[in-house]
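See structure below.
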Amino acid sequence: GPAWGNSLFEDNAEFGLGMKIATENTRHRIEHIMNESMQEVPNALSALFKDWIANKDNGVMSVEIKDKMIPILEQNKNIKAVQDILELKQYLSKKSHWIFGGDGWAYDIGYGGLDHVLASGENVNILVLDTEVYSNTGGQSSKSSRTGAVAQFAAAGKPIQKKDLGQIAMTYGYIFVAQVNSTANYTHLIKAITAAEAYDGPSLVICYSPCIAHGIKGGLGYSGEQGELATKCGYWPLYTFDPRLEEQGKNPLTLTGKEPDWDLYEQFLMNEVRYNSLKKANPEHAAELFERNK
């Protein structure tokens, strides 16, 4: 079943990569044991060994083969190689490795490690829950905060642009990247996560995440409606960047959804205290920053 592990906040990416490599090395050990013991085990078991080696990186088939293999392994415990495989049986099914974190980690304190992991080319999946503010420490402005957003250390609205983590990752050319919003398009979210898991290489999924620090009108109970409006007005576009399409001579970048309704943009901003408070305090300055926010 699913398992969870965590380390220091800033070491999240490196820790996740270490877990993935450790699992991979253990499965390589299983493959080595199987190859070395083909002549020692019954024909039915050696056939399953061959099937597993050929399909060990297929999530569905590796589980099916494991379910067939375990009963036969249990019947042949007298063989040393079988004993060794049984001790590692939880690794027979392919593992889906996901590194979870917020924007404070991904855009700031842990960015060096995140970039290192993405640049490694290893087959890991990363999910960033982007609140566009330091949620854990009380709502300070961060590299993920948008232009014009009011937060601690940005009482007059953040004057500079948000760091575009997705675009940075796309420059590598071999990283699967998706920007998703569960409240706007759940189907796109599921497809993006499924495609990221299937991609043989690093993948990065950035998810729009409402936060109490946004000051949503009516409270977080309306975060679903506000999240849907975020994509509808163009504030949070949905896309996938799949390097496999480029190999086929196609555009790897795919935008999902209708053309943004820019007339709704200010409505979205005014639904949140982080933006409407600036307009109340300094309308002219707010108008300038909000235009740069688009």
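At the far end of the sequence shown sits residue 415, using this note's numbering, and the numbering has no gaps.
The C-beta atom is built at its ideal place from N, Cα and C for all residues, glycine as well.
Remember, predicted model here, so these are calculated numbers, not experimental data.
Beta-carbon within less than 6 Å of residue i's beta-carbon, same chain only, minus the 5 sequence neighbours each way: which residues are those?
i    : result
T377 : H309 and L359
K401 : none
S214 : S183, V184 and K187
N392 : K338 and Q347
K284 : Y228 and K264
P404 : none
P280 : none
G180 : K215
N397 : M391
Answer yes or no: do residue i and residue j have a C-beta to C-beta separation smaller than 9 Å?
i    : j    : result
I247 : S128 : no
D363 : F297 : yes
R395 : V249 : no
L350 : F389 : yes
I151 : Y212 : yes
T361 : A319 : no
I289 : A299 : no
S256 : G278 : no
E367 : P373 : yes
G269 : R148 : no
M159 : K171 : yes
Tell me which residues share the same chain as residue i and place their Cβ nearer than 8 Å to its Cβ, disregarding the 5 neighbours each side in the sequence.
i    : result
D132 : G231 and G234
G122 : Because the pLDDT at G122 is just 47, under 50, the model does not fix this residue reliably, and the point stays unresolved.
Q204 : K198
V238 : A134, E135, G137, L138, I220, V245, I247 and P323
A408 : K400
H406 : A277, G278 and L399
Hey, out of the options, whose CA is closest to residue i's CA?
i    : options                   : result
Y228 : K215, V238, A240 and D251 : D251
Y307 : N403, G348, T292 and G336 : G348
A275 : S262, G345 and Q282       : S262
N199 : V162, L213 and P280       : V162
S265 : T292, N397, Q282 and E157 : Q282
I206 : W125, G126, T258 and M155 : M155
W383 : A407, I193 and K353       : K353
S217 : L286, G223, A124 and P192 : A124
L169 : K177, Q160, G225 and M190 : M190
Y293 : I142, G242, I193 and D172 : G242
N146 : K177, N164, S167 and M291 : K177
L166 : A143, L194, D236 and H153 : L194
T375 : G345, L286, D236 and M291 : M291
A240 : Q160, G345 and Y295       : Y295
L209 : A143, Q369, G180 and T268 : A143
D236 : Y343, L286, G336 and H149 : L286
G222 : S398, G126, R365 and Q196 : G126
K201 : V181, R365, M140 and E157 : E157
Using a Cβ-Cβ cutoff of less than 7 Å, which residues in the same chain neighbour residue i once the five nearest sequence positions on both sides are dropped?
i    : result
G260 : V254, A272, Q273 and A334
D321 : N244
Y386 : C354, G355, Y356 and K415
G110 : Any question about residue 110 goes unanswered here, given that the chain covers just 122 to 415.
Y343 : I337
In the DSSP output, what is residue i paired with across the bridge?
i    : result
F221 : L248
S324 : N246 and F297
Y360 : Q300 and L376
A475 : Residue 475 is absent from the model: the chain starts at 122 and stops at 415.
A275 : A272
Y329 : D251
I337 : E393
Q88  : As shown, the chain starts at 122 and ends at 415. That puts residue 88 outside it, with no answer to give.
Q261 : Y255 and Q273
Counting only C-beta atoms, is residue i closer than 9 Å to chain B at any point?
i    : result
I311 : In the displayed structure, chain B is absent; only one protein chain is listed.
(request) Could you tell me whether the stretch 299-306 touches the stretch 324-336, where touching means 3 or more Cβ pairs closer than 8 Å? (result) yes
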